[in-house]
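J.: One structure follows; several queries about it will come next.
In the working numbering, the protein residues as written are 24 to 500.
In structure tokens:
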């Protein structure tokens, strides 16, 4: 349960009779203050000196202690808490930046010899996309005069698409190949997406592709990579099963199905990606809030229904809390299976906060819980502030929470439960309203980040979302 003491970094309890400001209002602004601190770091032209953020944080805590006698004034609380949250955001992103030690690629090169250890493998069209950890670049015979002995000691982390027919990757293999490498590019225009910064915080030195044979240097040790192997097993099983049936575009069907089941999107063909973007359905193939919340809802209601079948269990045990706990375990396991990408982790955190609120007998969907989820994500992944996924997901969630809070009386009218027709109409109307509100809230961000606005997204989501919610995801589970 969130208490006043847990939100007070200075260990001071404000007096209840002298606090006319609502306790939750300041909490709602915590992610905003954290975002200001993180955004301030990204606005700097050069990295600040080490421990600048930590020094500022210590100074603000000292200031709060020195002016403790003013703690009952609202202005003092807003200023001190705001400065503390901003300094905390600045410190977190500075520590995260200093923690990353990968060596970035400085320039592109073609046919470059390299060797590395396979960290993960994902099947793509006509080959494999592998992540090579502890990658070592070998001297290129064409540029030996530029080679330095220290270059051979540098270690990189590179994602390479290998299209060799005889290549069968195994997690942990040490391989050698020739690849054309690409250094991540910066923003093309001021304010546009910075791919170099994105690659840095994803801890990728660069990207590449290879059409040459792969040499196995050292086989994988006898280590257990259960989740990664299970992810590959799902992809291979889907591919083998769907190839036995006749489809107009089998590769597109295989790619979409694999993406929905285990989060590997590389198998989707280019036409499929374009169709999803134009229709505004691309969020369906990204393991994010839609998939995680659907999984949590399916597990929650299924477990609660099964427990309610026994009168003794229903009367003696808090079956609602037990169902929420099982749903929380399910989404955590789902995150481990599909991979801990930034959107997936963010969605699990947001959904987890709601499930924990259910277990603590708190209201599940409120702006306060949205603020707590945003603050947790910014604390764990401060770089997510500048990503389109974070901005669009919280814009949509905030708009939906405000909309349904303002229209709650309408959705609770008794005639919605009179007959099956009104119940179906209730579901369809809720789906249309949800899609419309989320589309309007995210439209400015979509135009800013992607320079396009899917005009058919509302119609497409209204038609596809019920199918995904009631057929595809339950069948996948």
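No residue lacks a Cβ here, since even glycine has one placed at the ideal position from N, Cα and C.
Whole angstroms are fine: how far does the CA of residue 258 sit from the CA of residue 264?
T.: Taking the first residue of the chain shown as 1, we reach residue 264 at position 241. Taking the first residue of the chain shown as 1, we reach residue 258 at position 235. Spanning the two alpha carbons is a distance of roughly 10 angstroms.
J.: Mapping the DSSP letters down to three states, classify residue 157 as helix, strand or coil.
T.: As a first step, residue 157 is located in the chain shown; it is residue number 134 there, counting from the start. In this structure, residue 157 counts as strand in the three-state DSSP scheme.
J.: Alpha carbon to alpha carbon, how far is residue 114 from residue 74? Give it in angstroms, no decimals.
T.: Position 51 of the chain shown, counted from the first residue, corresponds to residue 74. Position 91 of the chain shown, counted from the first residue, corresponds to residue 114. Between residue 74 and residue 114, the C-alpha separation is close to 8 angstroms.
J.: Please report the distance separating the alpha-carbon of residue 430 from that of residue 132.
T.: Your numbering for residue 430 matches position 407 in the chain shown. Your numbering for residue 132 matches position 109 in the chain shown. If I take the Cα positions, the gap works out to 58 angstroms.
J.: How should residue 471 be labelled, buried or exposed, when 16 other C-beta atoms within 10 angstroms of its C-beta is the threshold for buried?
T.: Position 448 of the chain shown, counted from the first residue, corresponds to residue 471. Burial call: exposed.
J.: According to DSSP, residue 439 sits in a beta bridge with which residue or residues?
T.: Within the chain shown, residue 439 is the residue found at index 416, counting from 1. BP columns for residue 439 are empty, so no partner.
J.: So who's on the other strand from residue 253, going by DSSP bridges?
T.: As a working note, residue 253 is residue 230 in the chain shown. None; residue 253 has no bridge partner.
J.: What does the alpha-carbon distance come out to for the pair residue 367 and residue 358?
T.: Locating residue 367 in the chain shown gives position 344, counting from the first residue. Locating residue 358 in the chain shown gives position 335, counting from the first residue. Computed Cα separation, rounded: 6 angstroms.
J.: Look up residue 104 in the DSSP assignment and give the residues it is bridged to.
T.: For this step, residue 104 is matched to residue 81 along the chain shown. BP columns for residue 104 are empty, so no partner.
J.: Would you please state the rounded distance, in angstroms, between the beta carbons of residue 53 and residue 394? I believe it to be under 8 angstroms.
T.: Position 30 of the chain shown, counted from the first residue, corresponds to residue 53. Position 371 of the chain shown, counted from the first residue, corresponds to residue 394. About 6 angstroms separates the two Cβ atoms, so the contact holds.
J.: Could you tell me the boundaries of the beta strand (DSSP E) in which residue 484 lies?
T.: The residue labelled residue 484 in the question sits at position 461 within the chain shown. Run containing residue 484: none in the beta strand (DSSP E); it sits in the alpha helix (DSSP H), 480 to 490.
J.: With 16 other CB atoms within 10 Å as the buried threshold, where does residue 482 fall?
T.: In the chain shown, residue 482 corresponds to position 459, counting from 1. Exposed is the call here.
J.: Could you check what DSSP says for residue 140 in three-state terms: helix, strand or coil?
T.: For the purposes of this step, residue 140 is taken as the residue at position 117 of the chain shown. Note: residue 140 maps to strand in three-state DSSP.
J.: Consult DSSP for residue 52 and reduce its assignment to one of helix, strand or coil.
T.: Numbered from 1 along the chain shown, position 29 holds the residue referred to as residue 52. Note: residue 52 maps to coil in three-state DSSP.
J.: For residue 314, count neighbouring Cβ atoms within 10 angstroms of its own Cβ and tell me buried if that reaches 16, exposed if not.
T.: Indexing the chain shown from 1 puts residue 314 at position 291. Burial call: buried.
J.: Can you pull the DSSP bridge partners for residue 361?
T.: As a working mapping, residue 361 is identified with position 338 in the chain shown. The partner list for residue 361 (beta bridge, DSSP) is empty, contrary to what the question assumes.
J.: For my contact list, residue 330 and residue 345 are in at a C-beta cut-off of 8 angstroms; report their separation, rounded to the angstrom.
T.: Residue 330 sits at position 307 when you count from the first residue of the chain shown. Residue 345 sits at position 322 when you count from the first residue of the chain shown. With 8 angstroms as the limit, residue 330 and residue 345 qualify as a contact, their Cβ atoms being about 6 angstroms apart.
J.: Grab me the residues of residue 484's own chain with a C-beta within less than 6 angstroms of its C-beta, minus the 5 sequence neighbours each way, in chain order.
T.: Against the chain shown, residue 484 aligns to sequence position 461. Counting only Cβ-Cβ distances below 6 angstroms, and skipping sequence neighbours, we find 458.
J.: Return the first residue and the last residue of the alpha helix (DSSP H) that residue 78 is part of.
T.: Numbered from 1 along the chain shown, position 55 holds the residue referred to as residue 78. Here the alpha helix (DSSP H) through residue 78 covers 75 to 89.
J.: Let me check understanding here. Comparing Cα to Cα, which of 385, 291, 392 and 312 lies closest to residue 354?
T.: Walking along the chain shown from the start, residue 354 turns up at place 331. Comparing Cα-Cα distances from residue 354 to each of 385, 291, 392 and 312, the minimum goes to 312.
J.: When the Cβ atoms of the region 213 to 226 are set against those of the region 193 to 201, are three or more pairs found closer than 8 angstroms?
T.: Cβ pair count under 8 angstroms is below three, so no.
J.: How would you call residue 281, buried or exposed, if buried means at least 16 neighbouring beta carbons within 10 angstroms?
T.: Start at 1 with the first residue of the chain shown, and residue 281 comes out as number 258. When all chains shown are included, residue 281 counts as buried.
J.: Could you check how far apart the C-beta atoms of residue 232 and residue 202 are, in whole angstroms? I think they sit under 8 angstroms.
T.: As a working mapping, residue 232 is identified with position 209 in the chain shown. As a working mapping, residue 202 is identified with position 179 in the chain shown. Rounded, the Cβ-Cβ distance is 7 angstroms, consistent with contact.
J.: Whole angstroms is fine: what's the gap from residue 373's alpha carbon to residue 352's?
T.: As a working note, residue 373 is residue 350 in the chain shown. As a working note, residue 352 is residue 329 in the chain shown. Taking the straight line joining both Cα atoms gives about 14 angstroms.
J.: What is the DSSP secondary structure of residue 10, counted as helix, strand or coil?
T.: The question about residue 10 has no answer here: the residues shown for the chain are numbered 24 through 500.
J.: Count the other CB atoms, across all protein chains shown, that sit within 10 Å of the CB of residue 124; report buried if there are 16 or more and exposed otherwise.
T.: On the chain shown, position 101 is the one that residue 124 refers to. By the 10 Å Cβ count, residue 124 comes out exposed.
J.: Taking a contact to mean a Cβ-Cβ separation below 9 angstroms, would you say residue 408 touches residue 58 in this structure?
T.: As a working mapping, residue 408 is identified with position 385 in the chain shown. As a working mapping, residue 58 is identified with position 35 in the chain shown. Taking 9 angstroms as the Cβ cut-off, residue 408 and residue 58 qualify as a contacting pair.
J.: Compute the Euclidean distance between the alpha carbons of residue 209 and residue 129, then round it to the nearest angstrom.
T.: Taking the chain shown and counting its residues from 1, one reaches residue 209 at position 186. Taking the chain shown and counting its residues from 1, one reaches residue 129 at position 106. The straight-line gap from Cα to Cα measures roughly 12 angstroms.
J.: Considering only residues of the same chain and omitting the five flanking positions on each side of residue 347, which have a CB-CB separation below 7 angstroms?
T.: Within the chain shown, the letter at position 324 stands for residue 347. If we look at residue 347 and ignore the five residues flanking it on each side, its Cβ neighbours are 323, 378, 381 and 382.
J.: Counting only beta-carbon separations shorter than 9 angstroms, does residue 221 have a partner in chain D?
T.: Considering every chain present, this structure includes no chain D. It has just one protein chain.
J.: Do you know offhand how far residue 108's Cα is from residue 416's?
T.: Position 85 of the chain shown, counting from 1, holds the residue named residue 108. Position 393 of the chain shown, counting from 1, holds the residue named residue 416. Spanning the two alpha carbons is a distance of roughly 22 angstroms.
J.: Can you give me the C-alpha to C-alpha distance between residue 497 and residue 321, rounded to a whole angstrom?
T.: Within the chain shown, numbered from 1, the residue matching residue 497 stands at position 474. Within the chain shown, numbered from 1, the residue matching residue 321 stands at position 298. Each residue's Cα considered, the two are about 7 angstroms apart.
J.: Let me check understanding here. Comparing Cα to Cα, which of 432, 487 and 418 lies closest to residue 451?
T.: On the chain shown, position 428 is the one that residue 451 refers to. Per the Cα distances, 487.
J.: Spell out the partners DSSP gives residue 202 in its beta bridges.
T.: As a first step, residue 202 is located in the chain shown; it is residue number 179 there, counting from the start. Note: residue 202 sits in a beta bridge opposite 135.
J.: Give me the DSSP bridge partner(s) of residue 183.
T.: Taking the first residue of the chain shown as 1, we reach residue 183 at position 160. According to DSSP, residue 183 bridges with 153 and 231.
J.: Quick one: is the Cβ of residue 53 within less than 8 angstroms of any heavy atom of the ligand MG?
T.: This structure lacks the ligand MG; in fact it carries no ligand of any kind.
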